[in-house]
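**Q** Take this structure, written in structure tokens, and hold onto it; I'll ask about it next.
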Amino acid sequence: MPPGGGASLHGSLRDRHDRYRPLTAAPMATPMILAEGVSCVYGAREKDALAMMRAGESRASILDRTGTVIALNDVGLRVDEGELVVVMGLSGSGKSTLLRCLNRLVTPARGSIQVAGQEVMAMGTRELREFRRRTFGMVFQHFALFPHRTVLENVEFGLEVQGVARAARRRSAETALDLVGLAGWEGKRLGQLSGGMKQRAGLARALAADASILLMDEAFSALDPLIRRDMQGELVALQRRLRKTIVFVSHDLDEAIALGGRIALMMDGAIVQDGTAESILAAPATPYVERFVEHIDVSGVLRVGTLADRAAAPPPGRDGGPRAFLRADMTLREALPLLASEPDGLPVLDAAGCHAGVLWRTAALSALARRPHNEEPAWTSPSPASRSMTYATAPSTG
Ligand SMILES: Nc1ncnc2c1ncn2[C@@H]1O[C@H](COP(=O)(O)OP(=O)(O)O)[C@@H](O)[C@H]1O
Ligand SMILES: [Mg+2]
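First residue of the sequence shown: 36, per the numbering used here; consecutive thereafter.
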């Protein structure tokens, strides 16, 4: 048995994950967003700070000696068209800065940012303003809407600024309001709406302009938990229909998982891991990431296909009758009710309806218990890595 229960679980899941490639789509040819080598500092001594950073000095020490914050350190990010990527990390890790660099609301000290093949770093002020307006819709935690205007006027605002004719902007605004479930609310003053409704209006405003990229910074973080969960679900549903390119910033791992896209995990101004929730869980790149994912509910992340015993033949059905089966892309959580009434396991079908193995009850339970199938409990040999690690501070709002 490999040393350390946690590490061996990750190892065993990684193997399974690697074998289960068909579920992940091949990356498309031209990325919608391609940021490379992006470094960004706040403070007067930019050159000194960057030199010290290259020499390997810590952010804290650089801040101490120069009063300059390294907000991003050599960050790379690729987002394909129609993809939703969550930039996730604790408060202060650099998420908002990265988001703002993408449309150059903040100009990085170093690096290249290409959006739909165009170099954003090379744009002049006027070109940039026009490009920003055409290409990006933004949604923030605090709504940035006008409380005394009506819902419709708020949603139309961006189009009005762009000089779109009245009838056309009304049509776009009404379509967008319909998309976010606010049809019928057009005439209400925005100030009369609840937080969740305001955030819908904010989303509608971003959608109305029909920008190809949505940048969302902690867009749901100020909402009550239940409303927040609703909004996450609705964004996922909207995304299924609209296939926008979305970069969503969140400090909340559960939210990142619920949104279902790729996750770029940030720490101290750098991306420490970038992948699906499942791949990050299966193989945390650093002890920090391992700690970060330690408390998440794996049942909502792990897929049946990853846990299936791919070599096993389909178990015979009871009494020869038709039997339940699982789909490879189901989460473990979705599979559990079906698995609960089976003595051993259930056959798994892939997207084409072909046999893709068997999910054994024992394997499902082992995954839930976060220990490798057929191995001793993790607590008999604590991983040296987790013993020597200090706890990360709990995520805080912001
Ligand atoms: N305008 C600013 N001036 C100085 N420091 C800033 C400014 N904005 C952000 N920072 C600092 O840059 C780092 C990254 O901040 P930010 O991108 O806002 O992180 P996050 O969105 O992950 O909370 C933090 O240390 C923050 O204090
Ligand atoms: Mg932020």
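Every residue gets a Cβ at the ideal spot worked out from N, C-alpha and C, and that includes glycine.
Is it a yes or a no for the segment 91-109 touching the segment 279-292, going by three-plus beta-carbon pairs under 8 Å?
**A** Because the criterion of three Cβ pairs below 8 Å is not met, the segment 91-109 and the segment 279-292 do not touch.
**Q** Would you kindly work out how many angstroms separate the C-alpha atoms of D364 and L69, rounded to a whole number?
**A** The residue you call residue 364 lines up with position 329 of the sequence shown. The residue you call residue 69 lines up with position 34 of the sequence shown. Approximately 29 Å between the Cα atoms of the pair.
**Q** Bridge partners for T280 per DSSP, in chain order?
**A** Residue mapping note: residue 280 aligns to position 245 of the sequence shown, counting from 1. Partner(s): I248.
**Q** Pick helix, strand or coil for P412, following the three-state DSSP scheme.
**A** The sequence position of residue 412 within the sequence shown is 377, counting from 1. Bear in mind that a pLDDT of 45 at P412, under 50, signals an unreliable position, so the number given afterwards is only what the model happens to contain. Coil at P412, not helix or strand.
**Q** Does the contact criterion of 3 or more C-beta pairs under 8 Å hold for the segment 227-244 versus the segment 120-129?
**A** Counting Cβ pairs under 8 Å, fewer than three are found: no touch.
**Q** Going by beta carbon distance, what residues of the same chain come within less than 7 Å of A347, once the five residues before and after it are set aside?
**A** Your numbering for residue 347 matches position 312 in the sequence shown. Closer than 7 Å at Cβ, skipping near neighbours: G392 and V393.
**Q** Once DSSP output is grouped into helix, strand and coil, what is the label at A60?
**A** Within the sequence shown, the letter at position 25 stands for residue 60. Residue placement at A60 cannot be trusted, given a pLDDT of 45 that sits under 50; what the coordinates show is reported in the next sentence. Three-state DSSP puts A60 in coil, outside helix and strand.
**Q** For D259 and D265, I'd like the C-alpha separation in whole angstroms.
**A** Mapped onto the sequence shown, residue 259 falls at position 224. Mapped onto the sequence shown, residue 265 falls at position 230. If you take the alpha carbons of D259 and D265, they lie about 10 Å apart.
**Q** Check whether the segment 314-334 touches the segment 364-375, taking contact to mean three or more Cβ pairs, one atom from each stretch, closer than 8 Å.
**A** Because the criterion of three Cβ pairs below 8 Å is met, the segment 314-334 and the segment 364-375 touch.
**Q** Have a look at the DSSP bridge pairing and note the partners of D115.
**A** The sequence position of residue 115 within the sequence shown is 80, counting from 1. P66.
**Q** Can you check the segment 123-187 for any beta strand (DSSP E) of at least 3 residues that lies completely inside it and give the ranges in chain order?
**A** Correct list: 145-150 and 171-175.
**Q** Regarding K82 and ligand 2, is the C-beta to nearest heavy atom distance less than 6 Å?
**A** Locating residue 82 in the sequence shown gives position 47, where the first residue counts as 1. Checking every heavy atom of ligand 2 against the Cβ of K82, none is found closer than 6 Å.
**Q** Taking any heavy atom of ligand 1 as the mark, which residues have a C-beta closer than 5 Å to it, listed down the chain?
**A** Ordered along the chain, the selected set is Y77, V104, A106, S126, G127, S128, G129, K130, S131 and T132.
**Q** Can you give me the start and stop residues for the alpha helix (DSSP H) that V336 sits inside?
**A** Your numbering for residue 336 matches position 301 in the sequence shown. Where V336 is concerned, there is no enclosing alpha helix (DSSP H), given that its DSSP letter is neither H nor E.
**Q** Nearest by alpha-carbon distance to D83: which of A359, I97 and V73 is it?
**A** Position 48 of the sequence shown, counting from 1, holds the residue named residue 83. Answer by Cα proximity: I97.
**Q** With R94 and D287 assumed to form a contact (beta carbons below 8 Å), what rounded beta-carbon distance in angstroms separates them?
**A** The count along the sequence shown starts at 1 and reaches residue 94 at position 59. The count along the sequence shown starts at 1 and reaches residue 287 at position 252. That belief does not hold up - the Cβ atoms of R94 and D287 are roughly 23 Å apart, past 8 Å.
**Q** When you compare only the Cα positions, how much space is there between E221 and S147?
**A** Within the sequence shown, numbered from 1, the residue matching residue 221 stands at position 186. Within the sequence shown, numbered from 1, the residue matching residue 147 stands at position 112. Those two C-alpha atoms are separated by around 41 Å.
**Q** If you run the structure through DSSP and keep just helix, strand and coil, what is G295?
**A** Residue mapping note: residue 295 aligns to position 260 of the sequence shown, counting from 1. Coil.
**Q** What residue does the alpha helix (DSSP H) around I97 start on, and which one ends it?
**A** If you number the sequence shown from 1, residue 97 lands on position 62. Here the alpha helix (DSSP H) through I97 covers R94 to T101.
**Q** Check whether the segment 200-217 touches the segment 246-253, counting contact only when three or more Cβ pairs, one atom from each stretch, lie closer than 8 Å.
**A** As far as the Cβ criterion goes, the segment 200-217 does not touch the segment 246-253, which means the pair count is below three.
**Q** From this set, V196, V186 and H177, which residue's C-alpha is nearest L225's C-alpha?
**A** Position 190 of the sequence shown, counting from 1, holds the residue named residue 225. When only C-alpha atoms are compared, the closest one is V186.
**Q** Following the continuous beta strand (DSSP E) through P319, name the residue where it begins and the one where it ends.
**A** If you number the sequence shown from 1, residue 319 lands on position 284. Taken as a continuous stretch (DSSP letters only), P319 belongs to no beta strand (DSSP E), as it is neither H nor E.
**Q** Pick from L403, T160, F360 and A399: whose alpha carbon is nearest that of L384?
**A** Against the sequence shown, residue 384 aligns to sequence position 349. Looking at the Cα atoms, F360 is the closest of the given residues.
**Q** With a threshold of 8 Å on Cβ separation, who are the neighbours of L403 within its own chain once the five nearest residues in sequence on each side are excluded?
**A** The residue labelled residue 403 in the question sits at position 368 within the sequence shown. Correct list, in chain order: V333, S334 and L367.
**Q** Of the residues L381, A211 and V73, which one's Cα is nearest the Cα of V141?
**A** Locating residue 141 in the sequence shown gives position 106, counting from the first residue. Looking at the Cα atoms, V73 is the closest of the given residues.
**Q** S376: buried (16+ other C-beta within 10 angstroms of its C-beta) or exposed?
**A** By one-based count along the sequence shown, residue 376 stands at place 341. Flag for S376 reads exposed.
**Q** Report the start-end ranges of each beta strand (DSSP E) in the segment 183-270 that is 3 residues or longer and not cut off at the edges.
**A** Runs found: 248-252.
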